[in-house]
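As numbered in the numbering used here, residues 74 to 1061 make up the sequence shown, in order.
Following: one structure in structure tokens, then a few remarks.
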Amino acid sequence: MATAVAAPGPVVVVSDTTQTTGLRTSAEVLAAPAGLTLAQVQSAPWSQRFAPIGSAVIAATAGERWTRCQLQSGRAASTRWLLSVATEYVDGIDVYVLRNARPVKHYRLNSRLPHAQTHAVIARNYNVPLDLSPNEVVTLYARSPAQAYVNLGVIEQANLLQYSREADWTMGPYYGILLALLAYNLLLYVSVRDKSYLLYSLYVGFFAALQIDMTGYWQQWWPDTLSGFWLDVRQNTLLACTVFFGTLTARAFLETDRLMPRVDKVLRLTLVVAWLPLLSAFTPNPAVAVWWPVSTALWTSIVLLTAGTLALFAGYRPARYYMIGWTLLLLAVVNFYLSLVGITPRDSFWSGHGVHVASALEMILLSLGLADRINLEKKAKQRAQEEAMRALQAQQAAQGLALAAMLEKQTAQEQALRVSREKEELQLRTNHELAERAAELQRAYQDLQTSIRTSHQLQELDELKTKFFTNISHELRTPLTLIISPLEQLLSEARHRPEADTPPEYTLMLRNARRLLQLINQLLDISRLEAGQTRLAAAPVDMVQAVKTNVLAFESLAVSHDVDLRFESNVPTLEVYLDTDQFDKVLYNLLGNALKFTPAGGQVVASVEAQAGRAVLRVRDTGMGIPAEHLPLIFDRFHQVDDSRTRRHEGSGIGLALVKELIGLHHGHIRVSSTLGQGTTFVVELPLGHAHLRAEELRPAEAAPAPALLPSMASLAPVPVASAEQQAAHHIDMRPLVLVVEDNPEMRGYIHSCLAAEFRVLTAEDGEQGLERIFAAVPDLVVSDLMMPKLDGLELCQRLRKDERTSHIPVILLTAKPGDEARLTSFGLGADEYLTKPFRPEELRARMHNLIRQRQLLRQRFGREVTLQPRDISITSADEVFLQRAMAVVEEHMADSDFSVEQFADQMAMSRVQLHRKLKALTDQSTSEFVRTVRLRRAAALLQAQAGSVADVAEQVGFGNLSYFSKCFRELYQQSPSEYTATAVVES
């Protein structure tokens, strides 16, 4: 028995497109040794060791960490979801996307890969696309180094782009400040040649480069193919340079060599400690490696903070700026590195952006401190100059110049103040205008919400109406099937008996039943058009030939009414993009109405011509005409020109309404003109070419199908009936066993009567009862209705395909629900055939025989070909898995001569009877024959490889009797084992 695999954790439903859906709270992790594959992690015992992130413990000895979670999209299929992976530099992260426990996508996230391969959109974090269909559950597996920080999240693509832009807008001022300070202090150094400004500029430059690297902008702006090792080397080199020049800046700023010699020695030691982070790249254990930069940062923070404190207590005034700036920065740095080792929260704002805020303030304060120090030096120098200049008469002139400069500066400051006030006023006005605009947008949004709610209510009403028409159609089609199909069968049998007279009432009943079916179809078409469920599938069609073919189909009806029906065209061919099914309905209604309202001796003309880029169809008759007051209403639904109880012509009033809707679906127009007593003309105009059609309204051009007979004139085809000799040729026990699942007892009895002559028939009243009888009897074929109580035909088909015991049984679905959607859904769930009620019994029997014959050919091929594998024959994936598992069980017990059929059935989790029927259906072999065939195949392979003597090989494949082995081998391969071995030696 296979070991059960633990199911993944709860499903995360992603529907919010305005923010990132984090997976840390719902994901599970597994600490595993390096080298495990995805298949190993999915299998026991590894899959059972996954634990929630909150309770999981990652041992220091673990080589890899596997993260697992389940996702389900709560949005439309057009929503583009991305998997965002936030992590430090590592040599590789593997992300697997699975559907139905099978991998469909594998993403390798590696810094050495091209940036476009690991980033679906331009952003700092890895991001790859997730193909999430609505309500479909997919499973994610992510493999990463055990101690690496990996944060997974699902985000909508547009939101990620917006988030990246907002992050850029946030970080832009920060880097702008750093670059401005760098440029400013370099200019000061060039101007005053003070070494402090140079050291400070180098410190600012390396600090900015470090921030660009740590925030991911380096990799985003200048993508390279460095490995995780060299990325660590680069980052730690920038950190070491930042600490080194930061310490030199502190020494120069605080003048420790002059004021505090002992502290200066410690700072010199710090210049050596600054290079310790480079050892992180050469430390194999990530948990230990992270402490090199952390300890260096902590040591530098303590030393620089202590030096500033001592300088402040020593009365050094610039130390105030130093202490405030470095205190803020060092606290932020300490908090950041403590978050790396898990002491402080890692996902908080201050862990991610505290260094940015504090460093900007620190840079500004240090610049002010340097300026203050220069000012102090200048003031000291100025005092010395003033003392010297007091003895000179020229001092007054210098003071006058200084005073003039101060006045100019004051004037400039006043002007700057005025400009600032003007900017404030402009900002206030702008804010007021924005507030008014926001209020207008809020009101517009509320109006839009009200409109959307109203639209949703109308849509729900349309859906309810469409569902009602569909259900009514289903309920009416079932009794119509029980009327039309027996009538067709009776008329067919009557034609095969020339001596019997065909009652005319049969033909009358059949014609009116078909007319009722046509009316039901028109009602359903109208409801689908209203609900927007009818889609145009247009292809280039010769409109002249299409109209001419339909006119010919009405010719017999015109002759019976004594009406002259003609077709005219001024062009031999005219290519128009048409949906042939919909256009046939248009022609049927227009020609049918013209013939119906034209008296004997009248004329109906259908013409086609091309006019100014449009195809024009005219249907003109010489009937009674339409009163002028009815012309504006002629295309209204259920409108009839003569609605009195004494009217001469039958009609429902929906045919022309359907015509107008279908012409509109083709982006065309229809109009009518009529004169009482002279006749009526309908004009249809359709645009030429396909520029007016959307891409989804086009389909490839196909070979023109044979013209289908219209419903009211369909011929009554004869039904072939098997002769008595043919029926006697098949013994009743040899006929295929068929199960009919139908909730309508009359329909169930009718189908039974149609099949009883050629099949053994079992019946079931609903899907649940049918499922029980299928498991009990394992029939050769199942005929099921689509819409049933308890368990419908689609669910029944799906369960049969998922169960190994029944996955091989072909299924035919019968339904009164027309349309391609139900047909495609049925085939997608594994149905082999699909028939719409009413159906022709001979067509049903023909399709049943074809399916059973196909299964027989597959069984014969598998049993005939000795080396055939399950993948080489056309069976379902479930049957292939079953055969592979059956072969694997036999291979596992290959040498066990006591391996019995009962043990085989237990290993396959089936009863002995079910296993026998399954193998017989797939391979045309009994259980013991199947085991013997697999063993003989292995024996042939061993003999061909000269893996031992014949006796040794017989023992290896579970044959205790050598003579019996030789007998079975000769029956399968037409030669003895010794002859087979000799032939193999000669060929090799």
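Positions of the beta carbon are idealized from the N, C-alpha and C atoms, including for glycine.
All values derive from a computational prediction rather than experimental measurement.
For residue i, does the three-state DSSP call read helix, strand or coil?
{"i": "Ser524", "result": "helix"}
{"i": "Asp1084", "result": "In the structure as shown, the chain starts at 74 and stops at 1061, and residue 1084 therefore has no counterpart that could be examined."}
{"i": "Thr315", "result": "helix"}
{"i": "Asn183", "result": "coil"}
{"i": "Val158", "result": "strand"}
{"i": "Asn594", "result": "helix"}
{"i": "Ser796", "result": "Residue placement at Ser796 is flagged as unreliable, the pLDDT there being 36, under the threshold of 50; a coordinate-derived value is accordingly withheld."}
{"i": "Asn585", "result": "helix"}
{"i": "Asn200", "result": "strand"}
{"i": "Val757", "result": "strand"}
{"i": "Glu1052", "result": "helix"}
{"i": "Gly822", "result": "helix"}
{"i": "Glu328", "result": "coil"}
{"i": "Val210", "result": "strand"}
{"i": "Gly728", "result": "helix"}
Grab the span of the alpha helix (DSSP H) containing residue i for me, first residue to last.
{"i": "Thr379", "result": "364-386"}
{"i": "Val339", "result": "334-346"}
{"i": "Ser1036", "result": "1035-1046"}
{"i": "Thr191", "result": "188-191"}
{"i": "Glu868", "result": "866-875"}
{"i": "Glu628", "result": "628-633"}
{"i": "Val227", "result": "Element bounds for Val227: not the alpha helix (DSSP H) but the beta strand (DSSP E), 223-229."}
{"i": "Phe977", "result": "974-980"}
{"i": "Glu1028", "result": "1023-1029"}
Taking the DSSP output, what are the residues bridged to residue i?
{"i": "Ser857", "result": "Val814, Leu886"}
{"i": "Val102", "result": "Ala124, Thr140"}
{"i": "Ala612", "result": "Leu651"}
{"i": "Ser680", "result": "Glu641, Arg691"}
{"i": "Phe1003", "result": "Answer by DSSP bridge pairing: none, since Phe1003 is not bridged."}
{"i": "Ala215", "result": "Thr140, Val168"}
{"i": "Pro176", "result": "Leu171"}
{"i": "Val86", "result": "Gln145"}
{"i": "Glu906", "result": "Ile885"}
{"i": "Gly95", "result": "Gly226"}
So residue i packs on residue j, CB below 8 Å; how close in whole Å?
{"i": "Glu868", "j": "Gly840", "result": "6 Å"}
{"i": "Leu103", "j": "Leu156", "result": "Contact doesn't hold; Cβ gap of about 19 Å is too wide."}
{"i": "Gly95", "j": "Cys142", "result": "About 10 Å separates the two Cβ atoms, so there is no contact after all."}
{"i": "Pro176", "j": "Val168", "result": "10 Å between Cβ atoms; not a contact."}
{"i": "Leu283", "j": "Leu312", "result": "6 Å"}
{"i": "Met861", "j": "Asp816", "result": "5 Å"}
{"i": "Phe627", "j": "Leu592", "result": "No, Phe627 and Leu592 are not in contact; Cβ-Cβ is about 19 Å, not under 8 Å."}
{"i": "Val158", "j": "Val223", "result": "7 Å"}
{"i": "Gln1026", "j": "Leu1009", "result": "Note that residue 1026 is Val in the sequence shown, not Gln. Contact flag wrong, Cβ pair sits at about 10 Å."}
For the beta strand (DSSP E) holding residue i, just list the boundary residues, first then last.
{"i": "Ala837", "result": "833-837"}
{"i": "His742", "result": "742-748"}
{"i": "Phe912", "result": "No beta strand (DSSP E) holds Phe912; DSSP gives it neither H nor E."}
{"i": "Phe279", "result": "Taken as a continuous stretch (DSSP letters only), Phe279 belongs to no beta strand (DSSP E), being part of the alpha helix (DSSP H) at 268-287."}
{"i": "Gly840", "result": "Unbroken run through Gly840 is the alpha helix (DSSP H), 840-850; no beta strand (DSSP E)."}
I'd like the list of long-range same chain contacts for residue i, defined as Cβ closer than 6 Å, with 5 residues on each side in sequence excluded.
{"i": "Gly165", "result": "Asn183"}
{"i": "Ile27", "result": "Past the boundaries of the shown model lies residue 27; the chain is included only from 74 to 1061, so the question cannot be answered."}
{"i": "Asn258", "result": "Tyr270, Tyr273, Ser274"}
{"i": "Tyr276", "result": "Phe318, Gly319, Thr322"}
{"i": "Val624", "result": "Phe640, Ala679"}
{"i": "Leu783", "result": "With a pLDDT of 41 at Leu783, under the threshold of 50, the modelled position of this residue cannot be trusted; read the value that follows with caution. The answer, listed in chain order, is Ala626, Tyr661."}
Short of 7 Å in beta carbon distance, which residues of its chain neighbour residue i, apart from the five on each side in sequence? Order them along the chain.
{"i": "His192", "result": "Tyr199, Asn200"}
{"i": "Asp853", "result": "Pro809, Leu810, Val811, Ile925"}
{"i": "Ala354", "result": "Phe302, Asp305, Val306, Asn309"}
{"i": "Arg1005", "result": "Cys1041"}
{"i": "Gln800", "result": "Confidence at Gln800 is low in this model, with a pLDDT of 36, below 50, so the placement of that residue should be treated as unreliable; the coordinate-derived value is given next. Excluding sequence neighbours, Gln800 sits near Ala830."}
{"i": "Lys268", "result": "Ala325"}
{"i": "Met960", "result": "Val1007"}
{"i": "Leu340", "result": "Thr320, Ala323, Arg324, Thr329, Val376, Ala380"}
Could you tell me whether the Cβ of residue i comes closer than 8 Å to any Cβ of chain D?
{"i": "Arg687", "result": "Of the chains in the structure shown, none is chain D; there is only one protein chain."}
Spatial neighbours of residue i within its chain, please: CB distance less than 8 Å, with the 5 preceding and 5 following residues excluded, ordered by chain position.
{"i": "Leu609", "result": "Asp652, Gln655, Leu738, His739, Leu766, Glu770"}
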